[in-house]
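Undergrad: From first to last, the protein sequence lines are chains A and B.
The opening residue of the first sequence carries number 1 in the numbering used here; numbering runs sequentially from there.
The opening residue of the second sequence carries number 211 in the numbering used here; numbering runs sequentially from there.
Number of protein chains: 2
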Amino acid sequence: MSRIPEAVMRRLPRYYRHLDSLEKKDIIRVSSKQLGESLRMTASQIRHDLNFFGGFGQQGYGYNVTELKQKLVHILGIDIIRNVIIVGAGNIGNALARYGSFENEGFKLLAIFDNDEKLIGTKIRNILIHDSEELVQYIKDNKIDIVVLTIPGKFAQQIAYISQQAGAGAIWNFAPVDVTLEGIEVENIHLTDSLMTLSFRLACEEKGGC
Amino acid sequence: MSRIPEAVMRRLPRYYRHLDSLEKKDIIRVSSKQLGESLRMTASQIRHDLNFFGGFGQQGYGYNVTELKQKLVHILGIDIIRNVIIVGAGNIGNALARYGSFENEGFKLLAIFDNDEKLIGTKIRNILIHDSEELVQYIKDNKIDIVVLTIPGKFAQQIAYISQQAGAGAIWNFAPVDVTLEGIEVENIHLTDSLMTLSFRLACEEKGGC
DNA sequence: TAGATTGTTAATCGATTAACAATC
DNA sequence: TAGATTGTTAATCGATTAACAATC
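1. Would you kindly work out how many angstroms separate the C-alpha atoms of ASP141 of chain A and SER32 of chain A, rounded to a whole number?
2. So which residues of chain B does PHE107 of chain A contact, with C-beta pairs closer than 8 Å?
3. Compare the C-beta of THR252 of chain B against all C-beta atoms of chain A and say whether one is closer than 8 Å.
4. Looking at the C-beta of ASP49 of chain A, does it have a partner C-beta in chain B at a distance below 8 Å?
5. Where DSSP assigns a beta bridge to LYS143 of chain A, which residues make up the other side?
6. In terms of DSSP beta bridges, what is ASP341 of chain B paired with?
7. What residues from the region 294-307 of chain B come within 7 Å of chain A, judged by C-beta to C-beta, listed N to C?
8. Would you list the one or two residues that DSSP bridges to ILE394 of chain B?
9. Tell me the rounded alpha-carbon separation between THR197 of chain A and HIS340 of chain B.
10. Can you tell me where the beta strand (DSSP E) holding ASN173 of chain A begins and where it ends?
11. Per DSSP, which residues does VAL358 of chain B bridge with? Please list them.
12. Beta-carbon of ASP116 of chain A versus every beta-carbon of chain B: anything under 8 Å?
13. Using CA atoms only, rank isn't needed, just tell me which of A:GLU187, A:LEU149 and A:LYS108 is closest to ASP79 of chain A.
14. Spatial neighbours of PHE53 of chain A within its chain, please: CB distance less than 6 Å, with the 5 preceding and 5 following residues excluded, ordered by chain position.
15. What are the residues of the region 214-239 of chain B that lie near chain A, defined by any Cβ-Cβ distance shorter than 8 Å?
16. So which residues on chain B does PHE113 of chain A lean against when the C-beta distance must stay under 8 Å?
17. Measure the CB-CB distance between ARG292 of chain B and GLY310 of chain B and report whether it falls below 8 Å.
18. Would DSSP call ASN91 of chain A helix, strand or coil?
19. What does SER311 of chain B touch in chain A if you count any residue whose Cβ is under 9 Å from its own?
20. Thinking C-beta only, is ILE144 of chain A closer than 8 Å to GLY88 of chain A?
21. What is the C-beta distance between VAL186 of chain A and ALA166 of chain A, in whole angstroms, given that I count them as a contact (C-beta under 8 Å)?
22. Thinking HIS48 of chain A and LEU35 of chain A are a contact (beta carbons under 8 Å), I'd like their distance in whole angstroms, please.
23. Mapping DSSP to helix, strand and coil, what is GLN58 of chain A?
24. Check this for me: beta carbons of ASN64 of chain A and ILE27 of chain A, under 8 Å apart or not?
25. For ARG308 of chain B, which of helix, strand or coil comes out of DSSP?
26. Going along the chain, which residues of its own chain have a beta-carbon closer than 6 Å to the beta-carbon of PRO223 of chain B, five neighbours each way excluded?
27. GLY77 of chain A touches chain B at which residues, Cβ-Cβ below 7 Å?
28. So which residues on chain B does ILE80 of chain A lean against when the C-beta distance must stay under 9 Å?
Okay, structure coming up:
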C-alpha cells in the first residue's frame with residue numbers, strides 16, 4: 001500500500017461518518033458524485049482518496065453503502081478495541097470521561113489519573129480516578145493504546161514522554177502546547193488556536209477582507 | 211493585503227503562543243532560524259508566512275519578540291473583546307464554560323442556553339443558563355460574535371442557521387456533523403474524527419506501515 | 001566594515017481537479 | 001446493448017522550500 005497522504009487520512013473519518021448516516025437512512029448505494037454533493041467536495045477527490053485503499057466501487061453503479069462503510073471501519077481500525085486512559089480529571093478530562101460516544105467507535109476508557117487527593121479514589125461514570133504516581137506502573141501493567149492528556153501545558157511534554165517510555169502507543173493532547181515525540185503517534189487538539197482562527201476571520205471581515 | 215491562505219492562518223496561533231512563551235522568559239529577540247528550530251518548521255516558511263502581513267523583522271537582527279507578538283495579537287484580532295454564548299450545557303458545554311483561559315485571549319462568555327428545565331436558571335461559574343427558547347431574542351438583543359454549539363448533532367445545523375439569522379458572527383461547532391452555512395464563519399471541531407486518526411495510525415503501524 | 005538575517009522571487013513538491021478509457 | 005460511473009493518469013493549482021540580493 002502506498003504511503004497515505006496526511007490530507008487523505010484526515011478526510012477518512014468524515015467519509016465514515018457520512019456513510020454511517022446514509023446506512024442509518026437505509027440507503028443502499030451511492031455514487032462519488034452524490035457523496036461529493038453531500039460533503040461539498042469533488043467526486044474526483046473522493047474516488048482518488050478511496051483508491052489509495054483499493055477499488056471499492058463498481059463502474060456504472062457506484063459504491064455499496066454498507067460495504068464501503070465496513071471498509072472504512074477496517075481502514076480506520078475502529079473495529080479494534082483501543083484501551084484509553086485520561087490523565088487529568090479537570091474540566092476537559094471530566095467531559096471526555098463522561099462523553100460516552102467514543103465507546104461506540106471502539107475506544108474503551110480504563111482509568112483516569114490525577115494528583116488531587118480529593119479526587120483520587122472517586123469515580124467518574126464507573127471509572128476510578130487513580131493517583132498520578134501510579135501512571136507509569138499502570139501503563140506497564142496494562143496494554144494502553146491511547147493516553148489522553150488533559151493537564152496544564154507545563155506538564156504535558158513530560159507526561160507524554162514518560163507515557164511513551166512506559167509503553168503507550170499514542171498521545172491525544174489537549175494541553176495548549178505542541179507535544180513532540182519521535183516513535184509515538186501524537187495528535188494535538190488546540191481549542192484556543194481554533195477559537196483564534198474565528199477571531200482572525202471575524203477581524204478580517206471587519207477590515208473588509210484579508 | 212493579499213488573501214491569506216488557510217494553511218498560513220492556521221499557523222498564526224502557534225506563532226502567537228510561542229512568542230508569548232518567549233516573552234515570558236524575557237527573551238528580547240529571535241530569528242526565523244531559532245523560531246523554526248523551536249516550532250519544527252523551516253525558517254523560510256516562517257518568514258514567508260509573516261510577510262503576508264508585512265515585514266516585521268530587521269536584516270541581521272531578526273524579530274523583536276514583544277513587537278512581533280503584538281503584531282500577531284492584532285492580526286489575530288484577540289485585542290478585540292468577543293462576546294460568546296454556549297448552546298448546550300452538557301459535558302463539553304460545561305467544560306468550556308468552566309475553562310477560564312479563553313477569557314485571557316479576549317473571549318467573554320455572556321450566557322449559556324439549554325432546554326433542560328432542571329438546568330435553566332442555574333449557573334456555571336457565575337454564568338446563567340437560559341432557556342433555549344430565548345436564544346434568538348438574546349442574540350438579537352446582544353451583539354454576539356461567537357455561538358458555541360455543544361448540542362447533539364441532529365440540532366446543530368438548525369441552531370447554527372437560526373443563530374446566523376438572529377445576527378451571530380461565527381459558529382464554533384462541537385457537534386459531530388459538519389455545519390455548513392454561507393456568509394458566517396464556521397469552525398468545526400470533530401473530536402471523534404481526531405481520535406479516529408490516532409486509531410488509523412495505530413492500525414497502520416501494526417500492519418507495518420501505510 | 002563584516003556578519004547576520006531578512007524579504008522576496010524562483011524552484012520544487014504535493015495535493016486537487018479534470019479527463020477519459022475501462023467496464024459494470 | 002446503452003448509460004452510468006468507476007479507477008487512474010495527466011494537468012492544474014497551491015503550498016513549501018531554497019536561494020540570494022538587499023540591508024541592518
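Every residue gets a Cβ at the ideal spot worked out from N, C-alpha and C, and that includes glycine.
TA: In this structure, then:
1. As a position in the first sequence, residue 141 of chain A is number 141, starting the count at 1. As a position in the first sequence, residue 32 of chain A is number 32, starting the count at 1. Computed Cα separation, rounded: 46 Å.
2. Here residue 107 of chain A refers to the residue found at position 107 of the first sequence. Result: LEU405 and SER409.
3. As a first step, residue 252 of chain B is located in the second sequence; it is residue number 42 there, counting from the start. No, because no Cβ of chain A sits closer than 8 Å to the Cβ of THR252 of chain B.
4. Locating residue 49 of chain A in the first sequence gives position 49, where the first residue counts as 1. No, ASP49 of chain A lies away from the interface with chain B (no Cβ there is under 8 Å from its Cβ).
5. Along the first sequence, one-based indexing puts residue 143 of chain A at 143. Its beta-bridge partners do not exist; DSSP assigns none.
6. As a position in the second sequence, residue 341 of chain B is number 131, starting the count at 1. Note: ASP341 of chain B sits in a beta bridge opposite B:ASP324.
7. Correct list: ASN301, ILE302, ASN304 and ALA305.
8. Along the second sequence, one-based indexing puts residue 394 of chain B at 184. DSSP, once it has assigned bridges, lists no residue as partnering ILE394 of chain B.
9. Stepping through the first sequence from its first residue, residue 197 of chain A is reached at position 197. Stepping through the second sequence from its first residue, residue 340 of chain B is reached at position 130. Each residue's alpha carbon lies about 27 Å from the other.
10. As a working note, residue 173 of chain A is residue 173 in the first sequence. Residue range 170-173 is occupied by the beta strand (DSSP E) that includes ASN173 of chain A.
11. For the purposes of this step, residue 358 of chain B is taken as residue 148 along the second sequence, with counting starting at 1. Beta-bridge pairing links VAL358 of chain B to B:ILE296 and B:TRP382.
12. Here residue 116 of chain A corresponds to residue number 116 of the first sequence, with the count starting at 1. In terms of beta-carbon proximity, ASP116 of chain A stays away from the interface with chain B, with every pair separated by 8 Å or more.
13. Within the first sequence, the letter at position 79 stands for residue 79 of chain A. The option with the nearest alpha carbon to ASP79 of chain A is A:LYS108.
14. Within the first sequence, the letter at position 53 stands for residue 53 of chain A. Cβ contact annotation for PHE53 of chain A (same chain, cutoff 6 Å, sequence separation greater than five): ILE75, in chain order.
15. Within the region 214-239 of chain B, the residues whose Cβ lies closer than 8 Å to some Cβ of chain A are ILE214, MET219, ARG220, LEU222, PRO223, ARG224, TYR226 and ARG227, listed in chain order.
16. Position 113 of the first sequence, counted from the start, is the residue given in the question as residue 113 of chain A. The premise fails here: PHE113 of chain A is roughly 18 Å from chain B at the closest Cβ pair, so nothing lies under 8 Å.
17. Taking the first residue of the second sequence as position 1, residue 292 of chain B is located at position 82. Taking the first residue of the second sequence as position 1, residue 310 of chain B is located at position 100. Contact: no.
18. Reading the first sequence from its first residue, position 91 is the one you call residue 91 of chain A. Helix at ASN91 of chain A.
19. Translated into positions along the second sequence, residue 311 of chain B becomes position 101. Ordered by position in chain A, the residues that pass the 9 Å Cβ test against SER311 of chain B are PRO176 and THR192.
20. As a working mapping, residue 88 of chain A is identified with position 88 in the first sequence. As a working mapping, residue 144 of chain A is identified with position 144 in the first sequence. No, these two residues do not count as a Cβ contact at 8 Å.
21. Within the first sequence, numbered from 1, the residue matching residue 186 of chain A stands at position 186. Within the first sequence, numbered from 1, the residue matching residue 166 of chain A stands at position 166. Not a contact, Cβ separation roughly 15 Å.
22. Here the question's residue 48 of chain A lines up with position 48 in the first sequence. Here the question's residue 35 of chain A lines up with position 35 in the first sequence. In this structure, HIS48 of chain A and LEU35 of chain A do not form a Cβ contact; the two beta carbons are roughly 12 Å apart against a cut-off of 8 Å.
23. Within the first sequence, the letter at position 58 stands for residue 58 of chain A. In the structure shown, GLN58 of chain A sits in a strand (DSSP, three-state: E or B).
24. Taking the first residue of the first sequence as position 1, residue 64 of chain A is located at position 64. Taking the first residue of the first sequence as position 1, residue 27 of chain A is located at position 27. Not in contact: ASN64 of chain A and ILE27 of chain A (Cβ atoms no closer than 8 Å).
25. As a working note, residue 308 of chain B is residue 98 in the second sequence. Residue state, collapsed to three classes: helix.
26. Within the second sequence, residue 223 of chain B is the residue found at index 13, counting from 1. Closer than 6 Å at Cβ, skipping near neighbours: no residue.
27. Counted from its first residue, the first sequence places residue 77 of chain A at position 77. By Cβ distance, chain B contributes SER409, PHE410, LEU412 and ALA413.
28. Locating residue 80 of chain A in the first sequence gives position 80, where the first residue counts as 1. Per Cβ cutoff of 9 Å: SER409, LEU412, ALA413 and GLU416.
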